[in-house]
Amino acid sequence: MKNTYLKDFHEGRSLDAYRHFGAHPEREGVRFTVYAPNAQAIQVIGSFDDWECEGHEMKKVDERGTWSLYIKGVKVGDSYKYRITQATGRVVDKMDPYAFYSELRPNTASVVEDLSNDSWEDAEWLKSRSKNFDRPVNIYEVHIGSWMKEEDEDFVNYRKIAGRLIEYVKENHFTHIELMPLCEYPFDGSWGYQCSGYYSVTSRYGTCHDLMYLVNEAHKAGIGVIMDFVPVHFVKDDFSLSYFDGTALYEYPRAHDADSQWGTANFDLWKEEVRSFLMSAASFWIDVYHFDGLRMDAISNAIFWHGNKQLGVNEGALDFIKRMNFMLNEKYKGKIMLIAEDSTDFPNVTKSTLDGGLGFDYKWDLGWMNDTLNYLKKDPVYRKWHHNNITFSMAYFYSERFLIEFSHDEVVHGKATIINKMWGTYEQKFAQLRTLYLYMFTHPGKKLNFMGNELAHWREWDEQKENDWFLLSYPAHDAFHKYFALLGELYTEDPTLYEKDYSWESFEWIDADNADKNMFSYLRKGKDKDYVIILNFSPNMYRHEVFGVASKGSYREIINTEWERFGGTLPEQPQQCHAARVSRNNKPYMIEADIPPFGGVLLEVQKDE
Numbered sequence: 001m002k003n004t005y006l007k008d009f010h011e012g013r014s015l016d017a018y019r020h021f022g023a024h025p026e027r028e029g030v031r032f033t034v035y036a037p038n039a040q041a042i043q044v045i046g047s048f049d050d051w052e053c054e055g056h057e058m059k060k061v062d063e064r065g066t067w068s069l070y071i072k073g074v075k076v077g078d079s080y081k082y083r084i085t086q087a088t089g090r091v092v093d094k095m096d097p098y099a100f101y102s103e104l105r106p107n108t109a110s111v112v113e114d115l116s117n118d119s120w121e122d123a124e125w126l127k128s129r130s131k132n133f134d135r136p137v138n139i140y141e142v143h144i145g146s147w148m149k150e151e152d153e154d155f156v157n158y159r160k161i162a163g164r165l166i167e168y169v170k171e172n173h174f175t176h177i178e179l180m181p182l183c184e185y186p187f188d189g190s191w192g193y194q195c196s197g198y199y200s201v202t203s204r205y206g207t208c209h210d211l212m213y214l215v216n217e218a219h220k221a222g223i224g225v226i227m228d229f230v231p232v233h234f235v236k237d238d239f240s241l242s243y244f245d246g247t248a249l250y251e252y253p254r255a256h257d258a259d260s261q262w263g264t265a266n267f268d269l270w271k272e273e274v275r276s277f278l279m280s281a282a283s284f285w286i287d288v289y290h291f292d293g294l295r296m297d298a299i300s301n302a303i304f305w306h307g308n309k310q311l312g313v314n315e316g317a318l319d320f321i322k323r324m325n326f327m328l329n330e331k332y333k334g335k336i337m338l339i340a341e342d343s344t345d346f347p348n349v350t351k352s353t354l355d356g357g358l359g360f361d362y363k364w365d366l367g368w369m370n371d372t373l374n375y376l377k378k379d380p381v382y383r384k385w386h387h388n389n390i391t392f393s394m395a396y397f398y399s400e401r402f403l404i405e406f407s408h409d410e411v412v413h414g415k416a417t418i419i420n421k422m423w424g425t426y427e428q429k430f431a432q433l434r435t436l437y438l439y440m441f442t443h444p445g446k447k448l449n450f451m452g453n454e455l456a457h458w459r460e461w462d463e464q465k466e467n468d469w470f471l472l473s474y475p476a477h478d479a480f481h482k483y484f485a486l487l488g489e490l491y492t493e494d495p496t497l498y499e500k501d502y503s504w505e506s507f508e509w510i511d512a513d514n515a516d517k518n519m520f521s522y523l524r525k526g527k528d529k530d531y532v533i534i535l536n537f538s539p540n541m542y543r544h545e546v547f548g549v550a551s552k553g554s555y556r557e558i559i560n561t562e563w564e565r566f567g568g569t570l571p572e573q574p575q576q577c578h579a580a581r582v583s584r585n586n587k588p589y590m591i592e593a594d595i596p597p598f599g600g601v602l603l604e605v606q607k608d609e
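Numbering (the UniProt record's numbering), first residue to last: 1 to 609.
The following block contains the structure:
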C-alpha cells in the first residue's frame, strides 16, 4: 500500500479507503486488507477453504495496524470472514468492514464482489446534475422492500422493480427517489438504520449490479436518486464493527459515550481512521452507484452528545461533519446534494463550511412538520389558539435552506398516518388533507413525502407489507391520488413555486392573523407570475371573503380543493376575482372570493398592463 494513501487515512482525510481496504480481485486471486491495529493475529477464512484458516495468515504491513494477504484461487462470489485474535486473546470471526457485498441475513459473512461496470448510460445526467437550489425538488421516500411486493417472493429485486417504480415516480411528478438505507443490516425491523456493512449493499433486494441498474434507469428517465446514509451509529452485533480488534476501534472507549439511544454503538467521530472510514463510505455510494445526494440520518446526535443540547456540543463530531461536507463538495464540484436530518436549532447547518457552517445543502424542517400536523389534529374550535403553528415556519424559514417533509417517521409507532391525523369525519379528513397538501406545495422549500402519503394511506407503515394499492379502487382515494399528482405537476412545472425558494422575495403574507376564522392567505411571487393562496382550516363556508392584494387586475382560480374531480362537492366553475381599489390588509386593492369549508384556493394573478 502506498504510504501517501495511508497518511491520508490516518489523518482522517481519505475519501477512497474502499479502493485499498477490503477484498479486491487481483490477477488469479484476491487481496484482502483490513485495519486492526490491536489484533494479535488475523486469518482469512472462507468458502474457498471450507472455513479453515490453515496457511491464510495475514501480515501486518505497517506499524499502525494495516494487515494484508493475497490468496490465489479466490474468486468473485466466494464468502469470507476475518478470524481475529483480539488484543484480549479472544478469537472472533468478523465481517469485512469494507466488504462490497454480504450473505443474506441471518448469515453474516462478507462476499467477494467485482464492482466494475461498463453498462452505465447516464453520462449526460451526471454532467447536468446540481444542488438544485433554483430547481424543483419533489422527493419520493421509498422503502424498497415494501413499496410493492413480488408474489410468492420474500423480497423484491432492485432490477425487477426499477421499471414500475420509475414509471410511477414520473407519473406522480416526483423529481427524486430517496431510498431508505441500503447498507447491509441484520435486523429487518431497523429499516436499515442499524447498519453492519457500510460498503455492502443489502443482499435482500438483489446484487450490486441490480442496484446500479435501478439508478441508471432512473437517471435515463430524468429522475435523481438519493441515498439515506447513517454516519452516527452502527450495530453492536459481534460479527460486525463492535470491538473489532478487541478494543473500541470504531466506537467511543467510554460506554456512556458509546451507547446510543437505539441500542447501537455511536461512532467515535474524533478518531481520524473512523472519519476516513465514514467519509469514504459516503463517497463510495456516489462514486460506485452514482447516487445524486445523501440524506444524513440523526445529525442531531452528532452535533450534541446523545442529541441532547444540555450535554453540550460534540466538537469532534462537528469537526468531522464539516470536513466530510467540505471534502465531498470539493470532490464533486458542488454537484451532489447533502441533506441533514436535524431536529435541533443549532445554527448554520446549511451555511458553507468556508463561512463557519456545517456545509449541508438542505435541512429537514421537522419544526414545520410537527407544528402543522399538531394544528390539524385539533378540533377546529380550538385551532384559533394555535394559529401560530401555521405562521411560525416563515418566521425562521430563511435562516436555513429547509426541506419540508412528511417522512416515514410520521406514519409509524402509533402516530397515525397523515390522513388519520386530520380531525373529523371521513369526508372532513379528506378535505383537510387536500388543503394541507395545497399548503405544502405552495410553501417555500423543497418537498419530501413518504410512499403511501400520495394514496391517503389509512394503515400505518409496516415494512413487511406493501402499500395498500387497493385503496385506488375507492373514489375518494383515487381522486386524492390524482389531485396529489396535479400538485406535483404544478410545483415542478411552474418556477414561481420553486425558483426563488430561499429568497425573501418569494413569499409574502396577505393575512397571517385571521385566527378567528382559522384562515391563512399569502402570496407566492415569481419572476413572471404571482399566486394568491388562501387556506381555510375551519368547517365554515366563507362567501365573498375579502383579501388585500397589491395589484389591480383579475385573479383566476386555478385550484379549488373542493372541486368534485379532487373528491370534493363543488362543480368545477373557476372563480374570476377582480381587484377593486379598496385598501385591505395594508394593500391598495382588494378581491372577494368564496372559500369552501376545510378548503383552499389558488388564484393566478393576471395584472392589468
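Beta carbons are placed, not taken as given, at the ideal position from N, Cα and C, and that holds for glycine.
Taking the alpha-carbon of residue i as reference, which of the options has the nearest alpha-carbon?
i: leucine 366; options: Ala39, Thr4, Ile144, Tyr396; result: Tyr396
i: lysine 60; options: Leu69, Phe174, Phe598, His20; result: Leu69
i: isoleucine 177; options: Asp608, Ser196, Lys447; result: Lys447
i: alanine 265; options: Val274, Ile144, Tyr252; result: Tyr252
i: proline 495; options: Pro444, His477, His413; result: Pro444
i: tyrosine 474; options: Leu487, Tyr426, Pro380; result: Tyr426
i: glycine 206; options: Arg105, Val232, Val235; result: Arg105
i: asparagine 585; options: Glu545, Glu564, Arg565, Glu572; result: Glu545
i: aspartate 409; options: Lys94, Lys322, Ala298; result: Ala298
i: residue 688; options: Thr391, Glu400, Met440, Lys378; result: Because residue 688 is not part of the residues shown, which for the chain are 1 to 609, the question remains open.
i: phenylalanine 304; options: Asp292, Glu272, Ser260, Asn325; result: Ser260
i: histidine 386; options: Leu338, Asn518, Asn308, Glu562; result: Asn518
i: methionine 324; options: Glu341, Asn453, Met296; result: Met296
Taking the beta strand (DSSP E) that residue i falls in, what are its first and last residues?
i: lysine 94; result: 91 to 94
i: glutamate 26; result: 22 to 26
i: histidine 544; result: 542 to 549
i: histidine 176; result: 176 to 179
i: alanine 579; result: Counting along the chain, alanine 579 falls outside any beta strand (DSSP E), and DSSP gives it neither H nor E.
i: aspartate 228; result: 224 to 229
i: arginine 83; result: 79 to 85
Beta-carbon within less than 7 Å of residue i's beta-carbon, same chain only, minus the 5 sequence neighbours each way: which residues are those?
i: arginine 556; result: Pro574, Gln576, Leu603, Glu604, Gln606
i: tyrosine 18; result: Tyr98, Tyr199, Ser280, Phe284
i: aspartate 516; result: Lys384
i: alanine 221; result: Ile166, Lys170
i: tryptophan 51; result: Ile45
Considering only residues of the same chain and omitting the five flanking positions on each side of residue i, which have a CB-CB separation below 6 Å?
i: asparagine 329; result: none
i: glycine 357; result: Asn348, Lys351
i: glutamine 43; result: Cys53, His56, Glu57, Arg83
i: alanine 476; result: Phe430, Gly567
i: serine 47; result: Asp78, Ser79
i: serine 276; result: Phe9, Gly12, Ser14, Ala17
Where does residue i land, buried or exposed, given buried means 16+ other C-beta within 10 angstroms?
i: serine 146; result: buried
i: glutamine 432; result: buried
i: isoleucine 558; result: exposed
i: residue 681; result: The question about residue 681 has no answer, for the chain in this structure spans 1 to 609.
i: threonine 417; result: buried
i: alanine 580; result: exposed
i: lysine 72; result: exposed
i: histidine 20; result: buried
i: serine 102; result: buried
i: glutamate 509; result: In the sequence as displayed, the identity of residue 509 is tryptophan instead of glutamate. Counting Cβ neighbours within 10 Å, tryptophan 509 comes out exposed, since fewer than 16 surround it.
i: aspartate 361; result: buried
i: glutamate 141; result: buried
i: asparagine 540; result: exposed
i: leucine 311; result: exposed
Can you check whether the C-beta of residue i is within less than 8 Å of a C-beta belonging to chain D?
i: phenylalanine 284; result: Included in the structure is just one protein chain, with no chain D present.
Please look up how many angstroms separate the CB atoms of residue i and residue j, rounded, as I've assumed it's under 8 Å.
i: tyrosine 542; j: isoleucine 595; result: 5 Å
i: aspartate 511; j: phenylalanine 537; result: Actually they do not touch by this definition, with Cβ atoms about 14 Å apart.
i: isoleucine 286; j: isoleucine 226; result: That belief does not hold up - the Cβ atoms of isoleucine 286 and isoleucine 226 are roughly 11 Å apart, past 8 Å.
i: threonine 353; j: lysine 363; result: Contact flag wrong, Cβ pair sits at about 15 Å.
i: glutamine 86; j: aspartate 319; result: So it is not a contact: roughly 29 Å between Cβ atoms.
i: methionine 422; j: leucine 486; result: Not quite, the Cβ-Cβ distance comes to about 20 Å (not below 8 Å), so this is no contact.
i: aspartate 292; j: glycine 224; result: 4 Å
i: leucine 115; j: tyrosine 158; result: Leucine 115 to tyrosine 158, Cβ: 15 Å. No contact.
Cutting at 8 Å between CB atoms, please list the residues of its own chain near residue i, excluding the five before and the five after it.
i: aspartate 237; result: Thr108, Pro186, Ser196
i: residue 626; result: Beyond the ends of the chain as shown, which are 1 and 609, falls residue 626; an answer cannot be given.
i: tyrosine 457; result: The sequence given here places histidine at residue 457; tyrosine does not occur at that position. The answer, listed in chain order, is Val411, Thr417, Ile418, Ile419, Asn467, Asp468, Leu471.
i: arginine 64; result: Leu6, His10, Pro37
i: asparagine 216; result: Ser119, Trp120, Glu121, Asp122, His290
Span of the alpha helix (DSSP H) holding residue i?
i: isoleucine 166; result: 158 to 171
i: lysine 127; result: 123 to 128
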